[in-house]
Amino acid sequence: MWLGKGLQSPTTEEGKWSFSLIDNNVDKTYSTPDGKDQPISYAKVTQLVALGHEGSRIYSLDPWLARDYSYEIGTPFNSRFQAESVSASGSVIFITNKYGDMYTKLSDYDVRGADPAQFRYQWFDPNNPDERPSASNALLQRVDNNTAPIAIEGQEWTHQPKIPGVITSRISIHTTAPGSMNRELRVEGTNSDGESGYWHKSLEDKNWSFTATNLPLEGKKLDNSSADRSEDTLAEESPFSYEGKITDNASLRIDHFAYASERHDITVTVNGKKYPLLLDTVDGRLGTPLSQRLLPGEGEFGSRPAGLVERIPRNYAAAIRVPQETKQAAEHDPELKNFLETYLKGEDPHQIFVRVTPSEFQIINSPVKDVAIPAPGAVATFTSVS
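Below you can see the structure in the form of structure tokens.
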């Protein structure tokens with residue numbers, strides 16, 4: 001996009017789009033799930049985020065990517081939450097619905113795990129922490145195996161506390177110091193004395209403070225109840241569900257697959273008994289720099305369509321995670337235990353790769369780490385179900 005014709009934002013309506021820049025001079029580091037601070041790319045990350053017309057889609061336009069609308073940041077509740085407003089700073093996204101229910105999330109192409117040309121990644125394993133230190137810069141992070149890869153997982157949104165006052169749709173987020181956790185949230189409104197101004201707090205604070213400005217309110221007044229009404233504004237569930245055999249003795253079902261979400265509930269059935277699993281996904285690649293949509297035979301060298309379409313599958317690096325209840329059930333179910341120890345190799349998380357269209361969901365359980373090799377017996381294809 002940098003040297004091309006540019007790309008029009010899906011919307012220019014006030015409060016429905018925001019410009020974000022994160023760099024290695026001001027922000028310096030990402031805070032990752034393993035508690036490390038990882039360096040930001042020398043190329044920085046620029047993105048424009050914009051809400052779709054229903055508010056449940058957040059488009060991410062990055063000038064280093066193809067000129068298309070295919071990259072999205074899934075909203076809470078499996079991409080069903082309908083945002084009224086959005087703001088972004090230093091790759092931290094801030095949204096609210098019309099009832100003042102607010103969420104934040106660190107998300108860009110690099111930190112999500114989609115850029116193996118610049119970074120090394122590994123799936124976050126809380127039970128086996130990587131003791132290597134973070135690299136001091138992005139170049140060392142890529143080439144020095146004595147430093148830790150960026151830990152990735154299907155990150156959920158952080159639900160922010162309700163504001164105890166009148167608020168409007170005019171929200172903003174601000175970088176306050178190096179490190180991606182150093183952000184301040186601001187929301188226009190009034191206090192209990194009727195003074196106009198803005199409510200504000202840092203990302204991790206539990207309480208909001210108020211600063212009076214005595215300026216006229218400019219945003220749309222929100223119906224800010226004290227109760228959580230996040231689920232009162234949900235869009236329709238994703239229509240994409242799949243089911244099929246994953247081994248001779250086990251089948252898998254994925255209900256309401258939301259292609260832009262990073263974490264999905266799935267169910268494995270072994271000998272007629274159902275058990276929950278989790279699927280984490282990174283949209284846009286199959287493992288290596290050479291698989292970053294460099295497949296001209298499928299029309300993926302340039303732009304790809306928005307949404308989920310038949311003619312061009314969405315590629316994902318992915319991992320299956322095993323909830324504690326399923327691990328406990330395996331102690332009393334030999335066939336489930338065998339599935340976990342053979343297909344998943346006893347790993348939690350277990351790396352796989354995924355290709356999805358509206359009619360098919362394909363899992364590649366590659367024998368080679370970090371590369372999607374569709375070896376004999378390594379590919380399972382599930383069909384669409386209602």
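Here the sequence shown stands for residues 1 to 386, where the numbers follow full-length UniProt numbering.
Using N, Cα and C, we set each Cβ at its ideal position, and we do this for glycine too.
Since the structure is predicted, the reported quantities are computational estimates derived from the model, not experimental observations.
Per DSSP, reduced to three states, the secondary structure at Ala235 is coil, with no helix or strand assignment.
Within the model, the alpha-carbon separation for Glu236 versus His256 is close to 10 Å.
Here Pro39 is buried: its Cβ has 16 or more other Cβ atoms, across all protein chains shown, within 10 Å. Put simply, the backbone Cα of Tyr109 is about 43 Å away from that of Asp193. Of the candidates Pro216, Ser209 and Asp34, the residue whose Cα lies closest to the Cα of Val111 is Asp34. Assignment of Gln324 by DSSP, reduced to helix, strand and coil, places it in the helix class.
DSSP places Thr176 in no beta strand (DSSP E); its state is neither H nor E.
Going by beta carbons, Asp280 and Trp123 fall inside the 9 Å limit. Rounded to the nearest angstrom, the Cβ distance from Tyr103 to Gln160 is 6 Å, consistent with a contact under 8 Å. Counting the other Cβ atoms within 10 Å of the Cβ of Asn365 gives 16 or more, which makes it buried. Here the alpha carbons of Lys337 and Ala258 stand approximately 29 Å from one another. Distances from the alpha-carbon of Ala227 to those of Tyr198, Lys98, Gly346 and Ser172 put Lys98 closest. The bridge partners DSSP lists for Thr247 are Ala250. Taking 9 Å as the cut-off, the Cβ atoms of Ile58 and Val86 count as close. Under the Cβ criterion (8 Å, minimum of three pairs), the region 308–319 counts as touching the region 353–365.
Distances from the CA of His53 to each of Gly189, Asp23 and Glu14 were compared; the closest alpha carbon is that of Glu14. The Cβ-Cβ distance between Thr75 and Ser56 falls below 9 Å.
Residue pairing for Lys273: DSSP places it in a beta bridge opposite Val270. Per DSSP, the beta bridge partners of Tyr121 are Ile150.
Taking C-alpha positions only, Asp265 is separated from Leu278 by approximately 5 Å. CA-to-CA, the gap between Tyr42 and Asp248 works out to about 48 Å. Judged by DSSP in its simplified three-state form, Arg142 adopts helix. Fully contained in the region 74–133 are the following beta strand (DSSP E) runs of length 3 or more, in chain order: 85–89, 92–96, 102–106 and 121–123. Per the C-alpha coordinates, the member of Glu341, Pro367 and Ala372 positioned closest to Phe353 is Ala372. When the alpha-carbon of Ser136 is set against those of Thr46, Ser20, Ile73 and Lys36, the nearest one is in Lys36.
Lys201 has Leu185 as its beta-bridge partners, per DSSP.
Straight across, the Cα-Cα distance linking Leu252 with Gly179 is about 40 Å. DSSP places Phe210 in the uninterrupted beta strand (DSSP E) bounded by Ser209 to Ala212. Contact between Ser9 and Leu65 does not hold, since their C-beta atoms are separated by about 15 Å, which reaches or exceeds 8 Å.
When secondary structure is reduced to three states using DSSP, Phe19 falls in the strand class.
Nearest to Ser225 by alpha-carbon distance, out of Pro164, Tyr121, Asn271 and Ala50, is Pro164. A buried status is given to Arg80, since no fewer than 16 other beta-carbon atoms sit within 10 Å of its beta-carbon. Taken through DSSP and simplified to helix, strand or coil, Lys36 comes out as coil. Sequence-distant Cβ neighbours of Ser386 in its own chain, meaning closer than 8 Å and more than five residues away, are Ser241. Note: Ser31 is bridge-paired with Asp37 in the DSSP secondary-structure output. Using a Cβ-Cβ distance cut-off of 8 Å, the region 185–192 and the region 207–223 are in contact, since at least three pairs of beta carbons, one from each stretch, lie closer than that value.
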